[in-house]
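Quick note on our numbering: the sequence shown kicks off at 1 and runs consecutively. Structure record follows, encoded as structure tokens.
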Amino acid sequence: MHKREISKTIISELTARALGLSLSLLLARQLDIDSFGRWNYLQAVLLYFIVFIEFGSNQEGIRSLIKAKGNKELFNSELQNILSNRTLGLFLSAACLGILGITNLLSIGEALSLAACVIAYSMSKDWYLRAIGKQLLASIPNTTHLGILIATVTLLTLTSNTKLLNPESLTALKGIALALLTLTITITCIPHSNRKHFKPRIKPPSANVIYLVSGSLLAKAYFNADILLIEHILGSHQVGIYSAISTLYITFIAFRGVVINSLYPSLCNTENSAALRKKVLKLSTSFGAVLLPIFAIIFLTKSGLISIFLGSRYLSTQALELTNIFVATCVALSFGLLYPNALHIYGKGRTFFFLTLIGAAINITGNILYLPKIGIIAAAYTTFLSELFIVTSSATIFIIASKKRLK
1 MHKREISKTI ISELTARALG LSLSLLLARQ LDIDSFGRWN YLQAVLLYFI
51 VFIEFGSNQE GIRSLIKAKG NKELFNSELQ NILSNRTLGL FLSAACLGIL
101 GITNLLSIGE ALSLAACVIA YSMSKDWYLR AIGKQLLASI PNTTHLGILI
151 ATVTLLTLTS NTKLLNPESL TALKGIALAL LTLTITITCI PHSNRKHFKP
201 RIKPPSANVI YLVSGSLLAK AYFNADILLI EHILGSHQVG IYSAISTLYI
251 TFIAFRGVVI NSLYPSLCNT ENSAALRKKV LKLSTSFGAV LLPIFAIIFL
301 TKSGLISIFL GSRYLSTQAL ELTNIFVATC VALSFGLLYP NALHIYGKGR
351 TFFFLTLIGA AINITGNILY LPKIGIIAAA YTTFLSELFI VTSSATIFII
401 ASKKRLK
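The following block contains the structure:
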């Protein structure tokens, strides 16, 4: 991909993340703390469904399609594998959604709103567009649907229509908007001759894909499992506080994801092991060095930032301690930008799975043991320890593996 296209993509993706941040801050102010907590709980559940749906189509799928370029038969074969995996993921998501509804962990309205989102994400062609070099086009639905949500919340606030300003309605709107935008992009921007290949036949996924998806599901444990466990152990009010203060961390994760998604196709196209090692080391170190002063400013001005962006009702000693922990987590992730993804490029999906398995065990065990004792501070600490373990382990394994390839 040309540097100009990468720049456009990054700008578009950053716009989406800025809109996502704006939406979180807006909802933190307009919803009561309990409702804001429930909104974040639904988004945490949805993220697990998204991992199921993507089922190897994002990183692993993009990598396989890029490598198959120039070989039409192989490209179509890889495309069918991805579609099969996504269909299987859709069934798994639907099954999990049904279980959550039957066990009353979700209300009927919440289950239906999440179902709309599941359908929307299953329709996405984001992975395909990224693989063929149209990353800017791939980012449009995500950016636009966030703008629609912000406009809707603003309109409901101005008209004092608080009846519709609730987690269920907003989640349903998210799904409907994404579905319509995705359908429009698919019809107008993907030729019919290409669309006719989007007919999956379900077959067992490869072992590497299973490891990749399992690892991704476990990776979501670091923050999203926090939300789920806090909801069930401490309640929606504590979820609301934790979610509001963790906005910094979530924003950074989203921004980091933009950078990774934009650079990943380029890394996949780097065939020389020495060049790949140099690129990963340089980009990761530079990313951390550039952001370090910003995190220092946030650390020094955290009280003012919380009051300005979230409101004084969120300001407390607990909130300040949470912020410190999240800043430390972001610093660690900054300097470890590309190492986990580099493992996928080396075909070490199984290694990544076991790393995330250990990280998830640290996170979940720590939360179960310490949430009842010290509250939401425990969730922040376990997230930090889990992320730090993944970053340092991935970096170590990548560097050792790259040295072996150079011999």
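Glycine included, each C-beta is placed from N, C-alpha and C at the ideal position.
What's the C-alpha gap between residue i and residue j?
| i | j | result |
| --- | --- | --- |
| alanine 361 | leucine 355 | 10 Å |
| glycine 336 | phenylalanine 326 | 15 Å |
| leucine 173 | leucine 305 | 30 Å |
| asparagine 363 | phenylalanine 49 | 20 Å |
| threonine 188 | alanine 179 | 14 Å |
| serine 303 | isoleucine 190 | 48 Å |
| glycine 240 | leucine 310 | 11 Å |
| leucine 100 | glycine 61 | 29 Å |
| cysteine 330 | proline 340 | 15 Å |
| tyrosine 346 | serine 113 | 39 Å |
| glutamine 135 | leucine 263 | 11 Å |
| threonine 301 | isoleucine 210 | 44 Å |
| lysine 163 | arginine 38 | 16 Å |
| serine 22 | threonine 247 | 10 Å |
| leucine 388 | alanine 401 | 20 Å |
| threonine 392 | glycine 366 | 19 Å |
| alanine 44 | serine 64 | 29 Å |
| isoleucine 53 | threonine 157 | 33 Å |
Here's the rule: buried if 16 or more other CB atoms are within 10 angstroms of the residue's CB, otherwise exposed. What is residue i?
| i | result |
| --- | --- |
| arginine 405 | exposed |
| phenylalanine 36 | buried |
| isoleucine 230 | buried |
| serine 286 | exposed |
| lysine 348 | buried |
| phenylalanine 299 | exposed |
| isoleucine 308 | exposed |
| proline 372 | exposed |
| isoleucine 108 | exposed |
| lysine 282 | exposed |
| threonine 351 | buried |
| leucine 369 | exposed |
Kindly indicate which three-state DSSP category residue i falls into: helix, strand or coil?
| i | result |
| --- | --- |
| asparagine 161 | coil |
| lysine 410 | Any answer about residue 410 is impossible in this case: the structure gives the chain only from 1 up to 407. |
| glycine 257 | helix |
| leucine 97 | helix |
| serine 316 | coil |
| asparagine 85 | helix |
| proline 204 | coil |
| isoleucine 294 | helix |
| glycine 235 | coil |
| asparagine 104 | coil |
| glycine 133 | coil |
| aspartate 32 | coil |
| asparagine 40 | helix |
| threonine 270 | coil |
| leucine 281 | helix |
Going by the C-beta, is residue i closer than 6 Å to any heavy atom of the ligand GDP?
| i | result |
| --- | --- |
| leucine 333 | The ligand GDP is not part of this structure, which contains no ligands at all. |
Please determine if the segment 89-97 and the segment 114-123 are in contact, where contact requires at least 3 C-beta pairs separated by less than 8 Å. Proximity of the segment 89-97 to the segment 114-123 meets the contact definition, three or more beta-carbon pairs being nearer than 8 Å.
Unbroken stretches of the beta strand (DSSP E), 3 residues or longer, contained in the segment 324-405: With a minimum length of 3 residues, no continuous beta strand (DSSP E) run stays inside the segment 324-405.
Can you find at least 3 beta carbon pairs, one from the segment 265-280 and one from the segment 69-78, that sit closer than 8 Å? Counting Cβ pairs under 8 Å, fewer than three are found: no touch.
Contact the segment 291-302 vs the segment 5-24: 3+ CB pairs below 8 Å: Contact annotation: the segment 291-302 does not touch the segment 5-24, with fewer than three C-beta pairs closer than 8 Å.
Using 8 Å as the cut-off, can you tell me whether the segment 313-322 makes contact with the segment 364-380, which would need three or more C-beta pairs spanning the two stretches below that distance? The answer is yes - the segment 364-380 touches the segment 313-322, with three or more Cβ pairs under 8 Å.
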